[in-house]
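2 protein chains.
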Amino acid sequence: MRISVLGTGMVGRAVAARLAEVGHDVAVGTRGVDATMARREPDAMGNPPFATWLAGHPHLLLETFANAARYGELVVNATEGTATPAALRAAGADNLAGKVLVDVSNALDFSRGFPPSLLVNDEDSLAEQVQREFPQARVVKTLNTMNAHVMVHPESLGGGDHTVFVAGNDAAAKATVVSLLQQFGWHDVIDLGDLSAARGTEMILPLWLRLMGALGGPAFNFKVVRATG
Amino acid sequence: MRISVLGTGMVGRAVAARLAEVGHDVAVGTRGVDATMARREPDAMGNPPFATWLAGHPHLLLETFANAARYGELVVNATEGTATPAALRAAGADNLAGKVLVDVSNALDFSRGFPPSLLVNDEDSLAEQVQREFPQARVVKTLNTMNAHVMVHPESLGGGDHTVFVAGNDAAAKATVVSLLQQFGWHDVIDLGDLSAARGTEMILPLWLRLMGALGGPAFNFKVVRATG
Chain A
0 MRISVLGTGM
10 VGRAVAARLA
20 EVGHDVAVGT
30 RGVDATMARR
40 EPDAMGNPPF
50 ATWLAGHPHL
60 LLETFANAAR
70 YGELVVNATE
80 GTATPAALRA
90 AGADNLAGKV
100 LVDVSNALDF
110 SRGFPPSLLV
120 NDEDSLAEQV
130 QREFPQARVV
140 KTLNTMNAHV
150 MVHPESLGGG
160 DHTVFVAGND
170 AAAKATVVSL
180 LQQFGWHDVI
190 DLGDLSAARG
200 TEMILPLWLR
210 LMGALGGPAF
220 NFKVVRATG
Chain B
0 MRISVLGTGM
10 VGRAVAARLA
20 EVGHDVAVGT
30 RGVDATMARR
40 EPDAMGNPPF
50 ATWLAGHPHL
60 LLETFANAAR
70 YGELVVNATE
80 GTATPAALRA
90 AGADNLAGKV
100 LVDVSNALDF
110 SRGFPPSLLV
120 NDEDSLAEQV
130 QREFPQARVV
140 KTLNTMNAHV
150 MVHPESLGGG
160 DHTVFVAGND
170 AAAKATVVSL
180 LQQFGWHDVI
190 DLGDLSAARG
200 TEMILPLWLR
210 LMGALGGPAF
220 NFKVVRATG
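Here the protein sequences line up with chains A and B, keeping their order. Number 13 in numbering that gives the first Met the number 0 belongs to position 14 of the first sequence; there are no gaps in the numbering. Number 59 in numbering that gives the first Met the number 0 belongs to position 60 of the second sequence; there are no gaps in the numbering.
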């Protein structure tokens, strides 16, 4: 499938590289291609500049948000939550219409430092805000509850025996996303229901951030342990 | 230890019975003893009236919030989140001073039906509100992220291989609580740090409620799967 991944940060890189690895044709979307390629310094998290990273992934395309969204049959929003509305507007409603839009972002506000605060509560979610603004996109929320590496390599942790959630209003779109998740190696995908369930997964971030502190790093995930029989 | 459990609902009953079972002397606290004992109808969740339940647990005392709090060397708040401030005021600051106050409540508002909405966000938590109002109590947040039965019988689910969180400002109080959790059968207790981490565990409730719907019941819990080595 032709897939576009909007966002050039850790999450966008991880998802784009893994989608290509499992056989998809991938375009990464950015606000300005020249500016992204011109960066020479590591980002705030110490990641290498995008051009350095891209050189190691020669099959990936780098395009503007609009061109990338036009290219993809399916679009992944991997921008930071605070940057998501502007990125999707730049991608363009026409380029998203009718397509599965996988939202992996979180509405975290880092403007007052770490830990960030959450910009949504259980009256709304970032995913629903996106769906309201782009009603013709088929938004599916997933993968926002774990570290970028765990997202695309679930087998790296506990033999892959842990959980990823999906939520969305379009059953066929969710089925498409579940299939992609299985290609990544996910075995336990829980369908939480309609897109308002994204409130629940987005609100797990404050606990996730505390756990990262308590455990000394991001290499963990939640498993939903159920009663058997 | 002499322990008081404030609250006569499902959570209060489960915690009180289990504490007695593992050898503690337990007083259950209620707003009005006569009114609680006079109820003859099941509650909204279909639980038997308290008097019926108490008849099966003859070693438990039933006292007013104030008398129960006075009795306990350690106090458990198992009231509903919306009822917590009034219950603790009735218990009395003097009766809580210097004691470990285990807060297992959640700030859920059922006034608009099910699912309830959450009355806190990651700027504050019910546990911190309690700590601010009762600064001499040694508040520890725990057990608010699973069903009442799972709280006290973790072995009933997945062989007990799942996680409970603690948060609090007083290390000795947390150690006391961890010891009680171990008596209940908990093996994986994660200390999230100071009481502000209760924001994270309280905000997991919207996901918990969605999971209860998706899985068809409350017999589940989160396990934090970590990288090994």
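In this text, a Cβ means the ideal position worked out from N, Cα and C, and glycines have one as well.
Chain order gives the chain A residues near P205(B) as D121, R198, G199 and M202, where near means a beta carbon separation below 8 Å.
For R225(B), the residues of chain A that pass the 8 Å Cβ criterion are L156, G157, L214, A218 and F219, in the order they occur in the chain. Excluding its 5 nearest sequence neighbours in each direction, E40(B) has C-beta neighbours in its own chain below 8 Å: P48, listed in chain order.
At a cut-off of 8 Å between beta-carbon atoms, R209(B) makes contact with chain A.
Per DSSP, reduced to three states, the secondary structure at S110(A) is coil, with no helix or strand assignment. Taking CB atoms only, K222(B) has a neighbour in chain A less than 8 Å away. At a cut-off of 8 Å between beta-carbon atoms, D190(A) makes contact with chain B. Closest in alpha carbon position to F183(B), among S3(B), L5(B), G8(B) and H23(B), is H23(B). L95(B) is positioned such that its CB atom lies no closer than 8 Å to that of F64(B). T35(A) and G6(A) have their alpha carbons spaced roughly 10 Å apart.
Among the bridge pairs identified by DSSP, L73(B) is matched with I2(B) and V99(B).
Considering only G80(A), E72(A), T78(A) and T83(A), the residue with the shortest C-alpha distance to D93(A) is E72(A). Against chain A, the beta carbon of L142(B) has no neighbour under 9 Å; the closest one sits roughly 15 Å away. In the displayed model, G157(A) falls within a helix according to three-state DSSP. T83(B) counts as buried, since at least 16 other C-beta atoms from the protein chains shown sit within 10 angstroms of its C-beta. Collapsing the DSSP output to three states places A43(A) in coil. Between the alpha carbons of D42(B) and H58(B) lies a distance of about 23 Å. For D121(B), the three-state secondary structure derived from DSSP is coil.
The alpha-carbon of R88(B) is positioned some 50 Å away from that of V151(A). Look at T81(B) here: in three-state DSSP terms it is helix. The beta strand (DSSP E) runs of length 3 or more contained entirely in the stretch 169 to 215 of chain A are, from start to end of the chain, 187 to 190. Under DSSP, T63(A) shares a beta bridge with T29(A). Using a Cβ-Cβ distance cut-off of 8 Å, the stretch 129 to 145 of chain B and the stretch 184 to 202 of chain B are in contact, since at least three pairs of beta carbons, one from each stretch, lie closer than that value.
Chain A has no Cβ within less than 8 Å of the Cβ of L125(B). Under the three-state reduction of DSSP output, N146(B) falls in the coil class, being neither helix nor strand. Neighbours of H161(B) in chain A, taken as residues at a C-beta separation under 7 Å, are given in chain order as V224. For S3(A), the nearest beta carbon of chain B is not closer than 8 Å to its own beta carbon.
Closest option to H148(A), judged by alpha-carbon separation, among A13(A), I2(A) and A19(A): A13(A).
Within the same chain, Cβ atoms closer than 8 Å to the Cβ of L125(A) are found at G80, T83, D102, S104, N105, A106, L118, V119, A197 and E201, the five residues on either side in sequence being excluded. Taking CB atoms only, L117(A) has a neighbour in chain B less than 8 Å away. Following the DSSP letters along the chain, one finds T141(B) inside the beta strand (DSSP E) bounded by residues R137 to T141. Going by C-alpha positions, S3(A) is about 40 Å away from D190(B).
Using a 10 angstroms sphere on the CB of V25(A), the tally of other CB atoms reaches 16 or more, which defines it as buried. Looking only at E62(B), A19(B) and H56(B), the smallest Cα-Cα distance to V32(B) is reached by E62(B). The beta-carbon separation of M0(B) and M44(B), rounded to 29 Å, does not stay under the 8 Å limit for a contact. Under the three-state reduction of DSSP output, A218(B) falls in the coil class, being neither helix nor strand.
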